[in-house]
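Here is the structure we will look at.
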């Protein structure tokens, strides 16, 4: 029992307490010793986040400062017990675990996974289907980062969802908020006869380096990394903050040993109309992970934490330039960066747009089949059937692409026809449909609060309409995105559409789109130009139909749609359509 009576303390105890209190009192007047962001000693009491004073942090940075998003699992469990949604800063912190509260579009969570290089075993693919059946809407959505999302998850099921992912050998950790997103890689890597190197091991190494290092969470903004194997299949690496492009270096007078290396490109951010740029750096495959780790830490320490609109890597490099960015990166490494002019590398192989769809030979004599999943949506029944096909006729693996479609590898010649028949029975197709094969759409207003249009429904309807009206002899990509965040990357589509609200003559606000033309990636790299503004969603079908008919009638021989739309002025393009119903940009 503790006594409040001073007479109960011994003389020795009284002496100790007196000295202790005296020390506390004197300590109030002692100078503070601290360090600033540059490591210099100071007597000022000043709390900062990588040199940014607390009062200057933006709202999301304050949320992270108050509590690391990785530390909110107990909140997820607690809220699940009462089937309650998060409030305040916890809405943002949930995203560190891949859980997005998507109200008001849906009063539920969306789960975004992490799938390194888009490679899944059939065991994992079935498990994701089971999750969509048990806790979701009975379907899943493939994304433009070779990833997968499950929607309509209730709070009470969130812990089970995260634990099931772990049981499957997967995770959603860091798949949202200001973290390094899913690492993408060429989807045919490891079995593509045209590739220079199998990049999947490096994508996996990067994936695990990120999720196992706590200091690589809570960046100034999101960060994207991609590996291109140097073959003819695109993974849109030039739209990433870091794009590693496999290249071959032959005999040279630069002192570089001939072999396969990676060119490093930096600062792709197509929502801001910018592709990644080659920075002159040449890396061995093994060097890519430590260089990325060093560069990310430079970004973490120096990126803008006061203005969300200026917090991506692009803006730090805009301020510093490549030379300073690479010099600061090199300070965190044990080996120097290697530089080589791009012209000393063998030219990159042209990419085959939608070239992964259909039947293709592998390096081992077997085949892979690219399956078209319209705007990335698959039912649980279709997923389970595809897993069975991959097990029975393939090698028990599914590869996801950044084009919202998938690949089944490892099918022998003798099993090919049976596999194709089974795919057809799912309601999906392996055929390279020149229109629907390149049709991409974000979640849209049915599942995202930012979206101004129902992109998935509009995209499917547009694909069906065009498919019933024409046959194209060259593939085109049509991207529908719901808002300026451009999750469907509308600026790189042959035809890109960004959702917007349109006022009708009666004053009613309806779904609509701003339309851009002529985008592309890799060797066809271009940012699409805006041609039309504020087109009601009900008018996009006849507009695009007239546009494509004009293309077929007026193009030069074998001219692609991108080349066609790029060589004409916006006024010439608009003249091909019914201008009485179209509002020009």
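In this note's numbering, the protein residues as written are 699 to 1283.
Built from N, CA and C at the ideal position, the CB exists for glycine as well.
Have a look at residue i and residue j and give me their C-alpha separation to the nearest angstrom.
i: residue 805; j: residue 848; result: 14 angstroms
i: residue 1067; j: residue 897; result: 20 angstroms
i: residue 1272; j: residue 970; result: 25 angstroms
i: residue 998; j: residue 1267; result: 42 angstroms
i: residue 1347; j: residue 920; result: There is simply no residue 1347 to check, as the chain begins at 699 and stops at 1283 in what is shown.
i: residue 700; j: residue 773; result: Residue confidence for residue 700 is low, a pLDDT of 44 falling below 50, so the modelled location carries little weight and cannot support an answer.
i: residue 754; j: residue 1003; result: 8 angstroms
i: residue 924; j: residue 1119; result: 34 angstroms
i: residue 945; j: residue 963; result: 12 angstroms
i: residue 987; j: residue 910; result: 13 angstroms
i: residue 800; j: residue 1141; result: 11 angstroms
i: residue 785; j: residue 791; result: 10 angstroms
i: residue 1177; j: residue 1164; result: 14 angstroms
i: residue 1039; j: residue 1022; result: 18 angstroms
i: residue 1274; j: residue 1240; result: 12 angstroms
i: residue 899; j: residue 991; result: 16 angstroms
i: residue 763; j: residue 1010; result: 19 angstroms
i: residue 1283; j: residue 1245; result: Any answer about residue 1283 is weak, because its pLDDT of 43 lies below 50 and its placement is not dependable; what the coordinates show is given next. The straight-line gap from Cα to Cα measures roughly 16 angstroms.
i: residue 956; j: residue 1043; result: 10 angstroms
i: residue 993; j: residue 1252; result: 48 angstroms
i: residue 1127; j: residue 1085; result: 15 angstroms
i: residue 1114; j: residue 1091; result: 8 angstroms
i: residue 823; j: residue 1081; result: 7 angstroms
i: residue 862; j: residue 879; result: 20 angstroms
i: residue 1130; j: residue 836; result: 27 angstroms
i: residue 1093; j: residue 1171; result: 33 angstroms
What does a CB cutoff of less than 7 angstroms around residue i pick up in its chain, not counting 5 residues either side in sequence?
i: residue 809; result: 796, 797, 847, 848, 851, 859, 870
i: residue 1279; result: Unreliable placement is indicated for residue 1279, whose pLDDT of 45 sits below 50; the coordinate value is still reported in the next sentence. Excluding positions up to five away in sequence, the list reads 1237.
i: residue 1265; result: none
i: residue 1100; result: 842, 843, 844, 882, 933, 934
i: residue 1158; result: 1072, 1073
i: residue 889; result: 1060, 1061, 1062, 1066, 1107
i: residue 1053; result: 930, 931
Could you give the residue range of the beta strand (DSSP E) that holds residue i?
i: residue 1077; result: 1075-1077
i: residue 924; result: 923-926
i: residue 657; result: Given that the chain is displayed from residue 699 to residue 1283, the structure contains no residue 657 and the question cannot be resolved.
i: residue 1178; result: 1176-1179
So what does residue i bridge to, in DSSP terms?
i: residue 938; result: Beta-bridge pairing links residue 938 to no other residue.
i: residue 1197; result: 1211
i: residue 1043; result: 947
i: residue 1065; result: 1059, 1109
i: residue 751; result: 746
i: residue 1095; result: 819
i: residue 897; result: According to DSSP, residue 897 bridges with nothing at all.
i: residue 838; result: 1076
i: residue 975; result: 964
i: residue 798; result: 808
i: residue 878; result: 921
i: residue 1104; result: 1069, 1098
i: residue 959; result: 945
i: residue 778; result: For residue 778, which the question treats as bridged, DSSP gives no partner whatsoever.
i: residue 1218; result: 1224
i: residue 1037; result: 979
i: residue 883; result: 925
i: residue 1127; result: 1070
Considering only residues of the same chain and omitting the five flanking positions on each side of residue i, which have a CB-CB separation below 6 angstroms?
i: residue 937; result: 966, 968
i: residue 1226; result: 1189, 1194, 1214, 1215, 1216, 1217
i: residue 1020; result: 977
i: residue 816; result: 844, 885, 1097, 1098
i: residue 1285; result: Residue 1285 is absent from the model: the chain starts at 699 and stops at 1283.
i: residue 1026; result: 996
Who are the Cβ neighbours of residue i in its own chain at under 8 angstroms, not counting the five residues just before and after it?
i: residue 802; result: 1147
i: residue 1281; result: Here the model assigns residue 1281 a pLDDT of 43, short of 50, so the residue's position is not dependable and the matter cannot be decided.
i: residue 1083; result: 1120, 1123, 1124
i: residue 1143; result: 803, 1149, 1150, 1151, 1152, 1153, 1180, 1197, 1209
Within the continuous alpha helix (DSSP H) that includes residue i, where are the two ends?
i: residue 999; result: 986-1000
i: residue 1154; result: 1153-1167
i: residue 1139; result: First-last for residue 1139: 1137-1139, but that is the beta strand (DSSP E), not the alpha helix (DSSP H).
i: residue 764; result: 757-764
i: residue 1246; result: 1238-1252
i: residue 933; result: Neither: residue 933 is in no alpha helix (DSSP H) and is coded neither H nor E.
i: residue 1023; result: 1020-1028
i: residue 1010; result: Here residue 1010 belongs to no alpha helix (DSSP H), and DSSP marks it neither H nor E.
i: residue 1270; result: 1268-1272
i: residue 791; result: 788-792
i: residue 1264; result: 1259-1265
Can you find a heavy atom of the ligand HEM that lies under 6 angstroms from the Cβ of residue i?
i: residue 1249; result: Absent from the structure shown: the ligand HEM. Ligands present: none.
Go through the segment 839-875 residue by residue and report every complete run of the beta strand (DSSP E) that reaches 3 residues or more, in order.
Unbroken beta strand (DSSP E) stretches of 3 residues or longer found wholly inside the segment 839-875: 846-851, given in chain order.
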